[in-house]
Amino acid sequence: MPRETRRVVFSHAELHLAMSEYAHHLGKALPSGWMESLAFDPKRDPALVIMRRLESGSMQPATFRLPEVGAALLLFCTNHKIPLPKRGRKGLEKHEDTAAFTIVHQIRYATCTRVLILDTQESGRHHLRKLLRQGQIADAVEAGSAEEALAILGKPEKRPDLVLCESELGDQSGFDFARALRAKEGHPARQIPILLFSSDPKLPSSDRWRKAGVSAVLPKPIGPQALIDAVINTVHV
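In the numbering used here, the protein residues as written are 1 to 237.
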């Protein structure tokens, strides 16, 4: 399975600010003065040494162990709204003469999945098809109405493995479509998984979608990897 590596590099000033904020967070303080030099090496202990020149003119070091540097940079990213992937293995490494985060995660693909996209808006269908292609799902069929989707699902040839359904379908809703399909006794695709897209943040915690026969609720907007993960977890797990 392919892997993707992302590197977030911090400048001297950012690393110094991160350690200052971290020390303040712990109720401590770096020596008053200004940074004269900074040396980072994750293979040493302490990993980070900051030399600060005091107002008296003397030099005083501030030292940090590697776990402290990692915790400080995580706090810095949170405080300054620097996005970091939630998934993946994070590491701290030396980049030139400063520090960098590396985030490595495996990219999951669903190459043998057939998907039916149900959305009354052509732009919405196009957007989902584009996201699916990024996960190597090229076998997707589109439906612009619940009636068209039911007709496609009734055909045995190349029947989809799941349905990606918009919550609002004009005069109907995704819930109406799910209930209609589940109510069709003997329909060959009656039990097909249905993933419903909704921008309602309260919907995933309610029982409404389960009672309608929806398999899972996905947030809007959704990223390509989150969509592929949902497809894989629904069809292949």
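The beta carbon of each residue, even a glycine, is placed where N, CA and C say it ideally should be.
Next on the checklist: Assess contact between the stretch 88-106 and the stretch 185-192, defined as three or more Cβ pairs (one per stretch) separated by less than 8 Å. Is contact present?
Outcome noted: no
Checklist entry - Taking the continuous beta strand (DSSP E) assigned at H24, which residues delimit it? => result Annotation: H24 is outside any beta strand (DSSP E); the continuous alpha helix (DSSP H) that includes it extends over 12-25.
Checklist entry - H95 by DSSP, collapsed to three states: which one? => result strand
Checklist entry - Between I228 and P221, what straight-line distance do the alpha-carbon atoms span, to the nearest angstrom? => result Inter-residue distance for I228 and P221 is about 14 Å (C-alpha atoms, whole angstroms).
Next on the checklist: Taking the beta carbon of L116 as the centre, do at least 16 other beta carbons fall within 10 Å, making it buried, or is it exposed?
Outcome noted: So L116 counts as buried.
Next on the checklist: Quick check: what's the CA-CA separation for Q172 versus H24?
Outcome noted: 55 Å
Item to check | Bounding residues of the alpha helix (DSSP H) (the contiguous stretch that carries S123) | outcome: It spans 122-134 - the alpha helix (DSSP H) in which S123 sits, taken as one unbroken run.
Item to check | Bridge-paired residues (DSSP) for A177 | outcome: Note on identity: in this sequence residue 177 is Phe, with Ala being the wrong assignment. Looking at the DSSP assignment, F177 forms no beta bridge with any residue, so it has no partner.
Next on the checklist: What does the alpha-carbon distance come out to for the pair E185 and Q134?
Outcome noted: 36 Å
Item to check | For M35 and R7, believed in contact at Cβ under 8 Å, the rounded distance | outcome: Their Cβ separation, rounded to whole angstroms, is 24 Å, which puts R7 and M35 out of contact at 8 Å.
Item to check | Residue closest to E68, alpha-carbon to alpha-carbon, out of L92, L54, K81, T78 | outcome: Ranking the options by Cα distance to E68, first place goes to L92.
Checklist entry - If you draw a straight line from the alpha carbon of Q121 to that of V141, how long is it in whole angstroms? => result Whole-angstrom Cα-Cα distance: 14 Å.
Item to check | Best match in L17, D41, S123, K90 for proximity to T5 [C-alpha to C-alpha] | outcome: K90
Checklist entry - For P183, is the classification buried or exposed, using 16 other Cβ atoms within 10 angstroms of its Cβ as the cut-off for buried? => result Rather than Pro, the amino acid found at residue 183 in this sequence is Ala. Exposed, since its Cβ has fewer than 16 Cβ neighbours within 10 Å.
Next on the checklist: Taking the alpha carbon of E55 as the reference point, which residue from T63, D161, G33 has its own alpha carbon closest?
Outcome noted: Considering only alpha carbons, the answer is G33.
Next on the checklist: Distance check for K211 and H238, CA to CA, integer angstroms please.
Outcome noted: Any answer about residue 238 is impossible in this case: the structure gives the chain only from 1 up to 237.
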